[in-house]
Amino acid sequence: MAKVTVSLDAQLVVEVMVLAGVSSPQDAVELVVRDYIARGHRTEARAAAREEAPRETREWPRDPEG
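Here it is, written out as structure tokens:
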């Protein structure tokens, strides 16, 4: 797979490293990106499941006419 080099603020990367519990800046950023992508896939799956699910409609009693 192709590699990409990105410059980031050191304080931002250190915070991600602490939150992720890793000692490598590369690993920390990779974990964040992978988590972001996985979260997007889960959101898409939930949205698709919601669209495919039959909608529940509640019918209220009608007022008598006349």
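The numbers in the UniProt record's numbering rise by one with no breaks, and the one at position 49 of the sequence shown is 49. All residues carry an ideal CB built from backbone N, CA and C; glycine is no exception. Given the structure is predicted, the values throughout are model-derived calculations rather than measurements.
Handout entry: CA-to-CA distance, A38 to A49, given in whole angstroms
Key = 17 Å
Handout entry: Check whether M17 and S7 have beta carbons under 9 Å apart
Key = No, Cβ-Cβ distance for M17 and S7 is not below 9 Å.
Practice task
Would you identify the three-state DSSP class for L8, choosing helix, strand or coil?
Solution key: coil
Problem - Candidates R46, E52, V32: closest to V14 by CA position - result: V32
Handout entry: Inter-residue Cα distance where the pair is R42 and R34
Key = 12 Å
Exercise for the section: Measure the C-alpha to C-alpha separation of R46 and L19 and round it to an integer number of angstroms. Expected result: 27 Å
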